[in-house]
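Terminal number for the sequence shown in the numbering used here: 478, no gaps in between.
Every residue gets a Cβ at the ideal spot worked out from N, C-alpha and C, and that includes glycine.
Remarks on the structure that follows.
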Amino acid sequence: MAIYEPTIGLEIHAELKTHTKMFCCSKNDADATEPNVNICPVCMAHPGTLPVINGEAVRQVLRVGLALGAELADYTEFDRKNYFYPDLPKGYQLSQFEFPLVSGGELAGVQITRIHLEEDTASSMHQEGVGTTIDYNRAGVPLMELVTEPVIKSAEQAGAFARELQLLLKYLGASNANMEKGEMRVEANVSVSKDGSRAQAYVELKNINSFNAMERAVKYEIQRQIDELESGGLIVKETRGWDDGKQATFSQRIKEGSADYRFFPDPDLPSLKLSEVPEFSKESLNATMPELPWERRERYLAIGIKADDAQLYVQESALGSFFEDVIALMKSDSAGILLASNYIANDLVKIVRDIEKRDTGYQSKITISAENFKKIIEMVAGKRISSRAAKDLLIESMRSGKDPDVLAEERGLFSFTGADIGTIVDDVLTKNTSVVEDFKAGKGAALEFLLGQCMKALKGAGNPEKLRELLKEKIAS
Ligand code: MN
């Protein structure tokens with residue numbers, strides 16, 4: 002059986018988070034509940050209207066490019082991509098053809114071909130008995146399109162790339178990039194060959210609405226193409242959809258070439274000379290650049306956080322910012338930070354997930370302050386409470402909002418010590434026989450000395466009252 006190697010490229014569209022649409026002043030609102038409320042004569046393509054470029058959308062795409070180490074264009078223009086569909090009122094989509102805003106760059110080890118800016122189409126809904134209705138709220142929303150080189154070698158790698166891009170877009174505030182809401186749409190082009198090169202006839206996969214669906218669709222398509230070739234068949238260059246119910250791809254249409262779109266520069270829009278716009282300079286773009294997901298991940302790994310836990314903080318903003326608060330509080334106590342991380346990534350997450358199960362809000366609910374959490378961590382670190390007690394204390398503080406010091410006192414948790422107290426007391430007594438004699442002879446201060454020795458052995462974790470009693474008991478017996 003011949004060995005086939007898959008070659009995968011991705012095309013990812015993301016709706017940009019701007020106040021207004023790409024070429025008009027209509028509101029860009031993905032959460033609009035009423036259809037056709039965020040529209041105007043420009044995005045409805047009334048005759049005589051003229052588009053105006055949304056500078057914020059341009060700026061966001063440039064920031065993405067800068068984060069990816071890509072080349073930012075100096076000259077750019079918008080082109081008409083001509084095709085007819087009811088969701089496209091103008092009869093063409095304003096997009097970029099020859100002069101994309103961004104070229105090159107790399108993400109998660111995958112080379113990027115280009116990123117360009119365009120406008121979204123309206124959304125059409127097909128309802129049984131009603132027919133097709135169209136909502137133009139989405140028509141004209143700024144859309145960035147990122148195209149990778151066909152260099153991806155597995156469904157998992159494709160998934161990893163798309164997930165990392167989603168994180169980046171969220172970190173930059175460029176897009177909410179929610180796949181279920183269609184704010185981020187992933188298409189994969191797939192081919193297989195025996196020498197690992199890109200085959201002429203590759204297949205484009207569409208209708209993918211989650212990362213998992215994308216990985217399954219790519220895997221399915223790789224196998225389908227191998228089976229086809231092995232049974233003497235041919236692969237047709239086509240667009241195939243992913244049927245989530247059947248867990249299979251199906252042929253949609255034979256892929257059109259770019260010539261079919263008759264691209265030409267839009268005569269209604271000016272070309273842009275980006276170096277002439279101060280807010281598009283690298284300096285001003287860099288001024289608003291946050292710490293990027295991979296930078297943050299590296300920072301965590303460098304202080305010894307486990308890879309899975311680092312990823313958890315990078316990915317989940319509530320947990321991530323809680324961990325940041327804890328770091329800020331514990332500053333140079335690196336052992337404490339690592340211990341804190343263990344309690345966050347194991348125990349705190351479990352509690353939070355439980356709350357999420359009961360109350361399905363979007364945000365993870367961390368109902369303990371970083372200060373109170375730090376108190377618990379210091380109690381375990383100082384061996385003043387057991388790790389079992391720390392877990393209970395965490396749950397109880399999260400539930401009641403009470404100060405862990407008060408809770409631990411109320412429940413007598415401080416009486417714990419990790420070591421066997423009896424053994425330590427015995428040890429202190431045998432090592433200090435003369436002091437024991439002094440105490441027996443009535444020297445009260447001798448007991449305090451013995452207590453001090455016990456506390457030292459227990460690294461300060463003992464309960465002085467109980468230790469005094471124990472010492473007296475043992476000396477008397
Ligand atoms: Mn596009």
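Are Ser272 and Tyr84 closer than 8 Å when you measure CB to CB? no
Classify Val278 as helix, strand or coil using the three-state DSSP reduction. coil
Determine the direct distance from the alpha carbon of Val43 to that of Lys91, and round the result to whole angstroms. 9 Å
For Met145 and Ala15, which I take to be in contact (beta-carbon distance under 8 Å), what is that distance rounded to the nearest angstrom? 5 Å
For Glu119, is the beta carbon positioned less than 7 Å from some heavy atom of ligand 1? Yes, the beta carbon of Glu119 sits closer than 7 Å to at least one heavy atom of ligand 1.
Collapsed DSSP secondary structure at Val219 in the structure displayed: helix
What beta strand (DSSP E) runs, 3 residues minimum, are completely inside the stretch 81 to 164? With a minimum length of 3 residues, the continuous beta strand (DSSP E) runs that stay inside the stretch 81 to 164 are 93 to 96, 111 to 120, 124 to 128, 132 to 136, 143 to 149.
So for Glu379, helix, strand or coil by DSSP? It is helical.
Quick one: grab the DSSP three-state call for Glu205. strand
Is the stretch 64 to 72 touching the stretch 97 to 109 in the sense that three or more CB pairs, one from each, lie closer than 8 Å? yes
On the premise that Lys22 lies in contact with Gly141, defined as a C-beta separation below 8 Å, what is that separation, rounded to the nearest angstrom? Yes, they are in contact, since the Cβ atoms of Gly141 and Lys22 sit about 4 Å apart, within 8 Å.
So what does Glu16 bridge to, in DSSP terms? Leu144
Tell me, to the nearest whole angstrom, how far the beta carbon of Leu206 is from that of Arg241; I am working on the premise that it is less than 8 Å. 6 Å
Three-state secondary structure (DSSP) of Glu72: strand
Does the distance from the CB of Glu184 to the CB of Ser192 come in under 8 Å? Against a cut-off of 8 Å, the Cβ pair of Ser192 and Glu184 comes out as no contact.
Quick test of your reading: Gln94 and Thr50, contact by CB under 8 Å. State the CB separation rounded to the nearest angstrom. With a Cβ gap of about 16 Å, Gln94 and Thr50 do not count as contacting.
Assign Glu474 to one of three DSSP states: helix, strand, or coil. Glu474 falls in the helix class under three-state DSSP.
Element boundaries [beta strand (DSSP E), containing Arg385]: Looking at the DSSP string, Arg385 is not in any beta strand (DSSP E), and its letter there is neither H nor E.
So what does DSSP say about Gly242, is it helix, strand or coil? strand
Identify which residue in Glu231, Asn213, Phe79 has its Cα closest to the Cα of Gln158. Asn213
How about Ser96: is its Cβ closer than 7 Å to a heavy atom in ligand 1? yes
Going by C-alpha distance, which of Asp228, Cys455, Asn138 is nearest Ile422? Here the closest residue by C-alpha is Cys455.
Can the beta-carbon of Gly10 be found closer than 8 Å to that of Asn190? yes
Start and end of the alpha helix (DSSP H) containing Met185? First-last for Met185: 185 to 194, but that is the beta strand (DSSP E), not the alpha helix (DSSP H).
Looking at the strands, I want to know which residues DSSP matches up with Phe265. Arg81
The stretch 322 to 338 / the stretch 367 to 385 touching (three or more Cβ pairs under 8 Å): yes
When the Cα atoms are used, what is the spatial distance from Met290 to Asp80? 29 Å
Determine the extent of the beta strand (DSSP E) in which Arg254 is found, giving its start and end residues. 249 to 255
What separation, rounded to the nearest whole angstrom, lies between the Cα atoms of Leu270 and Ala31? For Leu270 and Ala31, the distance between alpha carbons rounds to 26 Å.
Would you grab the beta carbon distance between Leu330 and Glu299 for me? Rounded to a whole angstrom, and I think it's under 8 Å. Not confirmed; about 22 Å, so no contact.
Tell me which residues share the same chain as Glu72 and place their Cβ nearer than 6 Å to its Cβ, disregarding the 5 neighbours each side in the sequence. Ser104, Gly105
I'd like to know whether the C-beta atoms of Ile138 and Asn37 end up nearer to each other than 8 Å. Here the sequence assigns Asn to residue 138, which means Ile is not the residue at that position. Cβ atoms of Asn138 and Asn37: closer than 8 Å.
Simplified DSSP state of Thr368, which is helix, strand or coil: coil
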